[in-house]
Amino acid sequence: MPAPGHVTADPAPPAAPTGGIRRATRRVSRRTLVALDQLGAGLGTTLLALVTLVGVALVAAGCLLWVGRFLVPAALQALRLAADRERARLARYGPEIVGPGPVPTGLRAAAADPTTRRELLWLVSHATVGLLLSIIALTLPLSAVTDVVFPLFWYLLPPEDATPTLVPWTVRDWPTALAVVPFSLVWLALTVALAPVMARLQSRPGWRLLPPDPETDLSVRVAQLTATRAAALDAHAVELRRIERSLHDGAQNRLVAVTVLVGAARRAVARDPALADDVLGRAQDAAEQALAELRTVVRSILPPVLADRGLEGSLAGLAAACPVPCRLDVDLRADTAGRCAASVEATTYFVVAEALTNIAKHSGARHAAVAVTRRDDRLLVRIHDDGGGGADGAAGSGLAGIRRRAEAFDGRFALTSPPGGPTTIEVELPCGS
Ligand SMILES: Nc1ncnc2c1ncn2[C@@H]1O[C@H](COP(=O)(O)OP(=O)(O)OP(=O)(O)O)[C@@H](O)[C@H]1O
Ligand SMILES: [Mg+2]
Numbered sequence: 009m010p011a012p013g014h015v016t017a018d019p020a021p022p023a024a025p026t027g028g029i030r031r032a033t034r035r036v037s038r039r040t041l042v043a044l045d046q047l048g049a050g051l052g053t054t055l056l057a058l059v060t061l062v063g064v065a066l067v068a069a070g071c072l073l074w075v076g077r078f079l080v081p082a083a084l085q086a087l088r089l090a091a092d093r094e095r096a097r098l099a100r101y102g103p104e105i106v107g108p109g110p111v112p113t114g115l116r117a118a119a120a121d122p123t124t125r126r127e128l129l130w131l132v133s134h135a136t137v138g139l140l141l142s143i144i145a146l147t148l149p150l151s152a153v154t155d156v157v158f159p160l161f162w163y164l165l166p167p168e169d170a171t172p173t174l175v176p177w178t179v180r181d182w183p184t185a186l187a188v189v190p191f192s193l194v195w196l197a198l199t200v201a202l203a204p205v206m207a208r209l210q211s212r213p214g215w216r217l218l219p220p221d222p223e224t225d226l227s228v229r230v231a232q233l234t235a236t237r238a239a240a241l242d243a244h245a246v247e248l249r250r251i252e253r254s255l256h257d258g259a260q261n262r263l264v265a266v267t268v269l270v271g272a273a274r275r276a277v278a279r280d281p282a283l284a285d286d287v288l289g290r291a292q293d294a295a296e297q298a299l300a301e302l303r304t305v306v307r308s309i310l311p312p313v314l315a316d317r318g319l320e321g322s323l324a325g326l327a328a329a330c331p332v333p334c335r336l337d338v339d340l341r342a343d344t345a346g347r348c349a350a351s352v353e354a355t356t357y358f359v360v361a362e363a364l365t366n367i368a369k370h371s372g373a374r375h376a377a378v379a380v381t382r383r384d385d386r387l388l389v390r391i392h393d394d395g396g397g398g399a400d401g402a403a404g405s406g407l408a409g410i411r412r413r414a415e416a417f418d419g420r421f422a423l424t425s426p427p428g429g430p431t432t433i434e435v436e437l438p439c440g441s
C-alpha cells in the first residue's frame with residue numbers, strides 16, 4: 009500500500025528471471041563503462057596535474073633562489089587551470105562544483121589562501137595516486153583485449169616475450185597460444201570488479217578538496233548568488249519576451265483578422281447577405297483560433313492542471329502522455345510539511361515536461377522513471393532513462409533552461425549522461441513554503 013502522496017503510474021511488470029538477469033548484466037556493464045569513461049577522462053586531468061605539479065615544484069625550488077618569485081603568478085594560474093579541469097570533469101558525473109574566487113597573485117597571498125592550499129593537496133594526490141589508478145584501471149580491459157587477440161600475433165613475438173602476464177607458460181605453438189584466450193575473462197572480471205571502485209577512489213580527493221570551503225568562502229557564495237539572481241532576472245525577461253511574442257504572433261493577429269472580417273461582413277450584409285454570412289463564418293473560425301492560442305499561452309505561464317490536479321496529478325498526466333513507458337514515484341509527504349510554493353511546483357512541472365520530451369525525442373530509451381521526493385524543505389526531482397546517453401546541456405535550449413530555472417531558485421542541477429547511457433537529470437529546489 010503506497011504512502012499518502014505516493015503515486016505510481018505504469019508500474020513495471022513483474023520481472024521474469026531471465027529479464028532480471030539481463031537487466032542486472034546491463035546495469036553492471038553500464039556501471040563498468042561509466043567507470044572506464046571516468047577513468048579515461050581522469051587520465052587526461054591526472055597528466056595535466058602531473059605536468060602542473062612538476063612546474064609548481066620547479067617554481068617552488070626557484071623561489072629559494074629568488075628568481076622563481078617572478079613565476080609564482082603563472083604557477084598559480086596553472087594550478088587553477090588544472091583544478092578547474094577536474095571540477096568540470098567531476099561535474100559531468102555529479103553536481104556542479106562552484107569555482108573559487110580570483111587566483112591569488114603573490115606568494116604571500118597564496119600562502120594565506122585556504123583554496124590554494126586545498127588545490128595543492130589535490131594536485132599532489134591526483135598527479136600521483138590518481139594517475140596510478142587511471143593507468144592500472146585502463147590496463148585491465150586492454151589486457152583482456154590483448155589476450156583475446158593473442159593467437160593472431162604470438163608468432164611475431166620473440167620467443168622470450170611470448171608469455172602474457174597471467175599465463176604461467178611460454179607460448180610456443182598454436183594450442184598454447186589459443187589457451188591464452190580464456191585468461192581474458194579474468195581481466196574482464198577484474199575490470200568489472202575494480203573499475204567502479206578505482207573511479208570512486210580517483211574522484212574522492214577532488215570531491216573533498218575542490219568545492220569551496222563553506223566556512224571561509226562566503227564571498228564566493230555571494231558572487232554565486234549574485235550571478236544566479238542575474239540569471240533569474242534574465243530568465244524572467246526571456247519569459248516575458250516569449251509571452252509577448254506568442255500573444256503578438258498568435259492571438260493578436262487572429263483578432264485583427266476577426267475585426268477585418270466583421271467589418272467586411274457589415275459592409276456586405278445589405279447588398280449580399282449570403283456573402284456576409286460566409287465572411288462571418290470565417291470571422292468565427294478566426295475568433296476560435298485566437299481563443300485556442302490564448303489558452304496555449306496561458307497554459308505555458310502556469311499550467312492550470314497544477315491547480316486542478318496538484319503536482320502528483322499533473323506529473324501523472326505527463327508520465328501517462330510520454331511515449332516511452334514511464335514509472336512515476338511521487339512522495340511529497342504533504343500532510344506533514346505543507347505544499348511547496350506554486351512557483352516551485354510549476355518549475356518541477358516544466359522540468360519534468362522538458363526531460364520527458366527529450367527522452368521521447370532523443371534517448372531511444374525503453375523505460376523512463378521520474379521520482380519526486382520531498383526532504384524537509386527541499387524538493388528532489390530525478391528523471392532517469394535507459395537510453396543511449398550523450399545529452400549535452402550546451403546543444404539546445406531545453407537542458408540549459410532546466411539549469412537556469414533551478415539556478416533561479418538557488419537550487420541544484422546535475423546531468424549525468426555518459427555515451428551509451430543511461431541519462432539522469434537531478435534537480436533540487438528549495439520548497440519555499
Ligand atoms: N534523455 C536524453 N538522452 C539522450 N540525449 C539527450 C537526452 N536529452 C537531451 N539529449 C541530447 O542533448 C541535446 C540537448 O538537449 P536540449 O533539450 O537542451 O535541446 P533540444 O531538445 O535539442 O532542443 P530544445 O531546445 O527544443 O529542447 C539534444 O539535442 C540531444 O542530442
Ligand atoms: Mg529539449
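The numbering used here applies: residue 9 is where the sequence shown begins, and numbers increase by one.
Cβ coordinates follow ideal geometry from the N, Cα and C atoms, glycine included.
Everything numeric in this text was worked out from a predicted model, so none of it was measured.
> CB of Asn261 to nearest heavy atom of ligand 2: below 6 Å?
Replying inline: no
>> Does the beta-carbon of Gly397, which I'm using as the reference point, lie nearer than 6 Å to any heavy atom of ligand 2?
In response: no
>> Please tell me whether Pro438 and Gly397 are closer than 7 Å, where the distance is taken between their beta carbons.
In response: no
> The alpha helix (DSSP H) spanning Val305 covers which residue range?
Replying inline: Val305: member of the alpha helix (DSSP H) spanning 281–309, first to last residue.
> By DSSP, does Trp130 sit in helix, in strand, or in coil?
Replying inline: helix
> Are the beta-carbon atoms of Ala273 and Val287 separated by less than 7 Å?
Replying inline: Val287 sits close to Ala273, with the two beta carbons spaced by under 7 Å.
> Considering Pro149, what are the terminal residues of the alpha helix (DSSP H) in which it resides?
Replying inline: 139–161
> Considering only residues of the same chain and omitting the five flanking positions on each side of Leu56, which have a CB-CB separation below 7 Å?
Replying inline: Ala90, Arg93
> Taking 7 Å as the CB-CB cut-off, is Arg253 touching chain D?
Replying inline: Although the question refers to chain D, the structure presented lacks it and comprises just one protein chain.
> If you follow the alpha helix (DSSP H) that Asp316 is part of, which residue opens it and which one closes it?
Replying inline: 312–329
> Of the residues Thr173, Ala363, Ser142, Glu127, which one's Cα is nearest the Cα of Ala207?
Replying inline: Ser142
> Since Ala377 is in the beta strand (DSSP E), which residue starts that stretch and which ends it?
Replying inline: Start and end: 376–383.
>> Less than 7 Å between the C-beta atoms of Pro357 and Leu310, yes or no?
In response: One detail in the question is off: residue 357 reads as Tyr in this sequence, not Pro. No, the pair does not count as a contact, with Cβ atoms beyond the cut-off.
>> Quick check: does the Cβ of His256 come within less than 6 Å of any heavy atom belonging to ligand 1?
In response: Using a cutoff of 6 Å, the CB of His256 does not count as near ligand 1, since none of the ligand's heavy atoms is closer than that.
>> If you measure between the beta carbons of His375 and Pro333, is that distance less than 7 Å?
In response: yes
> For Asp385, which residues of its own chain have a beta-carbon under 7 Å away from its beta-carbon, when the five flanking residues on both sides are left out?
Replying inline: Pro438, Cys439
>> Pop quiz: Leu61 and Leu131 are said to be a contact at Cβ under 8 Å. What is the actual Cβ separation, rounded to whole angstroms?
In response: 5 Å
> Roughly how many angstroms lie between the CA atoms of Thr16 and Pro112, to the nearest whole one?
Replying inline: Residue placement at Thr16 is flagged as unreliable, the pLDDT there being 41, under the threshold of 50; the coordinate-derived value follows with that caveat. Between Thr16 and Pro112, the C-alpha separation is close to 52 Å.
> Should His370 be listed as close to ligand 1, given that the test is whether its C-beta is under 6 Å from any heavy atom?
Replying inline: Residue side-chain check: His370 places its Cβ nearer than 6 Å to a non-hydrogen atom of ligand 1.
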